[in-house]
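Trainee: Here it is, the structure, as structure tokens.
2 protein chains.
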Amino acid sequence: MRRDIFQAIADPTRRAIIALVALQAMTPNAIAEHFDTSRQAVSKHLRILAECQLVAQEQKGREIFYSLEIEKMKEIDEWLEQYRQIWEARYEQLGEVLEVMKKQKEK
Amino acid sequence: MRRDIFQAIADPTRRAIIALVALQAMTPNAIAEHFDTSRQAVSKHLRILAECQLVAQEQKGREIFYSLEIEKMKEIDEWLEQYRQIWEARYEQLGEVLEVMKKQKEK
DNA sequence: TATATGCGCAACTATTCGGTTTCGCAACTA
DNA sequence: TAGTTGCGAAACCGAATAGTTGCGCATATA
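In structure tokens form, the structure reads like this:
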């Protein structure tokens, strides 16, 4: 039960669902039409996504529309930030190396 | 066996291992000391991380040093890019709304 | 050479996961 | 009212997962 966002995006079907509901709010049936799987299976994925607040639900009559909670996606971005700093630092180092090589060549 | 990077980072222990080897190359034993688990379990995680090229190995005598392949982390960043565009667009929209409200107030 | 160390691999186990089928309930609709 | 539709929940199943223990092998050390 201990869901976290990284586990939520680990499954390819769930990433596809996220991509779908990012564009517009959709019902489980509408989502399931995009996949080679049952509505119930999609409902299970939606429950997992809802549990970690990646999607929001809005009831309209007997239909439930699911939409992406884009704010939650920032958590991944925040986690990634520490590593972004590393690869940007590496890139700068590479730039410096290229500078030195350039100067060596000019001599 | 069908590993992808999203599955690799789904496990909290693996994310912790990534954070460790991001700072410096480490042996399985050294890594295992940081966790409440066996070296063999760490080895399994390292194998998964290596399978999807998130870590590199370098043999030194009977020791193997694992280090982070930071380039691979960019794949997550690339996936996130589409959603970053969404939340940045939302932020701009919010800015516009605030502008309109401000002008309304001034009238 | 004998022993200790660092490691991966294989076998086994309990748990989780993603899927299906079946069901019941609420809400539309004829 | 009777029948249909949309949905979540529960029970079940096979596969994958994360962990363990017990090896064997290569390397370092006495």
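Sequence lines, in order, name chains A and B.
Per our numbering, numbering through the first sequence is continuous, rising by one, with the last residue being 1439.
Per our numbering, numbering through the second sequence is continuous, rising by one, with the last residue being 1439.
Heads up, the beta-carbon is just placed ideally off N, CA and C, and yes, glycines get one too.
Is DSSP giving I1351 (chain B) helix, strand or coil here?
Mentor: The residue asked about is misnamed: residue 1351 (chain B) is Ala in this sequence, not Ile. Correct three-state label for A1351 (chain B): helix.
Trainee: Answer yes or no: the CB of K1404 (chain B) versus the heavy atoms of the ligand NAD, is any distance below 7 Å?
Mentor: With respect to small molecules bound, the structure shown includes none, and the ligand NAD cannot be examined in it.
Trainee: Please compile the residues from chain B whose C-beta is within a distance smaller than 7 Å of the C-beta of I1418 (chain A).
Mentor: Result: A1354, I1402.
Trainee: Less than 8 Å between the C-beta atoms of R1335 (chain B) and I1380 (chain B), yes or no?
Mentor: Taking 8 Å as the Cβ cut-off, R1335 (chain B) and I1380 (chain B) qualify as a contacting pair.
Trainee: What are the boundary residues of the beta strand (DSSP E) that includes S1399 (chain B)?
Mentor: Its beta strand (DSSP E) spans residues 1395-1400.
Trainee: Answer with yes or no whether the minimum CB distance from K1376 (chain B) to chain A is below 8 Å.
Mentor: For K1376 (chain B), the answer is no, since every Cβ of chain A falls outside 8 Å of its Cβ.
Trainee: Alpha carbons only, please: which of B:A1362, B:L1400, B:K1376, B:K1435 is nearest the one belonging to D1343 (chain B)?
Mentor: Taking only the C-alpha atoms, the option nearest D1343 (chain B) is B:K1376.
Trainee: With 16 other CB atoms within 10 Å as the buried threshold, where does V1374 (chain B) fall?
Mentor: When all chains shown are included, V1374 (chain B) counts as buried.
Trainee: Please state if the CB of P1360 (chain A) and the CB of I1396 (chain A) are separated by a distance shorter than 8 Å.
Mentor: Their beta carbons are under 8 Å apart, which means I1396 (chain A) touches P1360 (chain A) by this criterion.
Trainee: Which word fits A1340 (chain B), buried or exposed, when buried means at least 16 other C-beta atoms lie within 10 angstroms of its C-beta?
Mentor: Buried, since its Cβ has 16 or more Cβ neighbours within 10 Å.
Trainee: Leaving out the 5 sequence neighbours to the left and right, which residues in its chain are closer than 8 Å to I1402 (chain B) when beta-carbon positions are compared?
Mentor: Closer than 8 Å at the Cβ level, and outside the excluded window around I1402 (chain B), lie A1354.
Trainee: Can you have a look at A1421 (chain A) and say buried or exposed, based on whether 16 or more other CB atoms are within 10 angstroms of its CB?
Mentor: So A1421 (chain A) counts as exposed.
Trainee: Counting only Cβ pairs nearer than 9 Å, list the residues of chain A close to A1362 (chain B).
Mentor: Near A1362 (chain B) there are no residues of chain A at all, since even the closest Cβ is about 20 Å away, more than 9 Å.
Trainee: Can you give me the Cβ contacts of M1358 (chain A) inside the same chain, cut-off strictly under 7 Å, excluding the 5 residues immediately before and after it?
Mentor: Cβ neighbours of M1358 (chain A) beyond the five flanking positions: L1352, F1397, Y1398.
Trainee: Among A:Q1385, A:A1348, A:M1433, whose alpha-carbon lies nearest the alpha-carbon of M1405 (chain A)?
Mentor: It is A:Q1385 whose Cα lies nearest to the Cα of M1405 (chain A).
Trainee: Please tell me whether L1412 (chain A) has its Cβ less than 8 Å away from any Cβ of chain B.
Mentor: Closer than 8 Å to some Cβ of chain B, the Cβ of L1412 (chain A) qualifies, so yes.
Trainee: Consult DSSP for Q1385 (chain A) and reduce its assignment to one of helix, strand or coil.
Mentor: Residue state, collapsed to three classes: coil.
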